[in-house]
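Notes for the one structure printed next.
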Amino acid sequence: MQAEAFWDGMAQSYAKRPIQNMDQHDRTVERSAAYLTPEAEVLEVGCGTGTIAMRLAPHAGHVLATDISGALLDIARQRQAEQAVDTVSFARHGLFDLPEGQFDMVAAYNLLHLIEDFDGAVASLAARVKPGGVLVTKTGALAENWRGWPLRLVIGAMRMIGKAPYVGFLSSRDIDAAMARHGLEIVESETMGKGVVTRFLVARKV
Ligand SMILES: C[S@@+](CC[C@H](N)C(=O)[O-])C[C@H]1O[C@@H](n2cnc3c(N)ncnc32)[C@H](O)[C@@H]1O
9 MQAEAFWDGM AQSYAKRPIQ NMDQHDRTVE RSAAYLTPEA EVLEVGCGTG
59 TIAMRLAPHA GHVLATDISG ALLDIARQRQ AEQAVDTVSF ARHGLFDLPE
109 GQFDMVAAYN LLHLIEDFDG AVASLAARVK PGGVLVTKTG ALAENWRGWP
159 LRLVIGAMRM IGKAPYVGFL SSRDIDAAMA RHGLEIVESE TMGKGVVTRF
209 LVARKV
């Protein structure tokens with residue numbers, strides 16, 4: 009199943025799900041916001057229901073939040089109207105079809121491990137970062153998950169019945185190495201979580 013159809017189908021139930029780890033979520037937002045200025049132009053890719061975009065908005069000039077799923081973007085726009093945040097725009101774009109231009113910050117949270125062409129995805133994000141700007145990512149490092157092989161089997165079975173998207177089993181080393189290949193220098197990193205491991209990175213375009 010294509011990513012767009014999968015996420016459109018999941019949109020309502022995904023939006024109802026509470027945030028899994030609030031401490032990690034808060035830290036991700038705070039650490040990202042530390043790189044913003046009141047004039048900063050931000051591009052978020054794979055924004056889902058727009059939760060992080062709307063939290064980053066008060067720290068930036070403007071956030072262009074994009075996602076491949078029109079259904080998730082509809083929910084994001086509804087929430088934006090409820091919260092009266094006017095410095096975020098939502099637009100439908102896939103990771104390989106991003107808006108023109110370059111941004112002070114490009115951000116992708118909980119996205120890159122869902123993309124089959126991981127290296128191409130990092131290249132696409134890096135191309136949208138202004139020289140001197142930053143790419144901020146938080147990516148599942150599922151190769152480091154303590155459930156390892158059983159998890160691969162469960163996800164494989166779920167994919168066969170359309171209940172899971174593509175999921176890559178990356179390690180922190182894979183994720184870090186991709187930044188250097190695309191002209192980005194890591195300035196901050198953290199491996200978050202124990203059972204379910206995610207890699208938070210801030211990488212500057214040199
Ligand atoms: C796990 S959710 C994360 C949502 C949000 N970033 C967050 O952390 O709450 C993954 C998101 O990536 C989007 N997505 C999946 N494949 C994509 C692609 N090829 N291009 C852009 N967005 C994609 C999905 O529609 C979904 O909103």
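The sequence shown begins at 9 in my numbering and counts up by one.
Where is the CB? At the ideal position from N, CA and C, for every residue including glycine.
{"Check": "Between the CA atoms of Gln-32 and Leu-106 - distance to the nearest angstrom", "Outcome": "27 Å"}
{"Check": "Supposed close pair Leu-120, Phe-126 - CB separation, criterion 8 Å", "Outcome": "6 Å"}
{"Check": "Cβ contact check for the segment 149-164 and the segment 129-139: 3 or more pairs under 8 Å", "Outcome": "no"}
{"Check": "Any non-hydrogen atom of ligand 1 closer than 7 Å to Val-53 Cβ", "Outcome": "yes"}
{"Check": "Where Ile-163 sits in the DSSP three-state scheme", "Outcome": "helix"}
{"Check": "Paired residues, beta bridge with His-33 - DSSP", "Outcome": "Bridge partners of His-33: none, in fact."}
{"Check": "Among Ser-77, Glu-124, Arg-35 and Ala-68, the one whose alpha carbon lies nearest that of Leu-54", "Outcome": "A quick correction: the sequence has Gly, not Leu, at residue 54. For the residues Ser-77, Glu-124, Arg-35 and Ala-68, the minimum Cα distance to Gly-54 belongs to Ser-77."}
{"Check": "With 16 other Cβ atoms within 10 Å as the buried cut-off, status of Phe-104", "Outcome": "exposed"}
{"Check": "Ser-21 versus Arg-155, Leu-209, Gly-170 and Leu-80, residue with shortest Cα-Cα distance", "Outcome": "Leu-80"}
{"Check": "According to DSSP, residues forming a beta bridge with Ala-92", "Outcome": "Answer is none; Ala-92 lacks a bridge partner."}
{"Check": "Span of the alpha helix (DSSP H) around Leu-133", "Outcome": "126-135"}
{"Check": "Simplified DSSP assignment, three categories, for Ile-194", "Outcome": "strand"}
{"Check": "Asp-75 - partner residues in DSSP beta bridges", "Outcome": "Arg-100"}
{"Check": "Bridge partners - His-70, DSSP secondary structure assignment", "Outcome": "Glu-49"}
{"Check": "Residues bridged to Lys-146 (per DSSP)", "Outcome": "Tyr-117 and Phe-208"}
{"Check": "Nearest candidate by alpha-carbon position, reference Gly-203, set Ala-134, Phe-14, Arg-155 and Arg-189", "Outcome": "Arg-155"}
{"Check": "Length of the line joining the Cα atoms of Thr-215 and Val-144", "Outcome": "Since the first residue shown for the chain is 9 and the last is 214, residue 215 is missing from the structure and cannot be characterised."}
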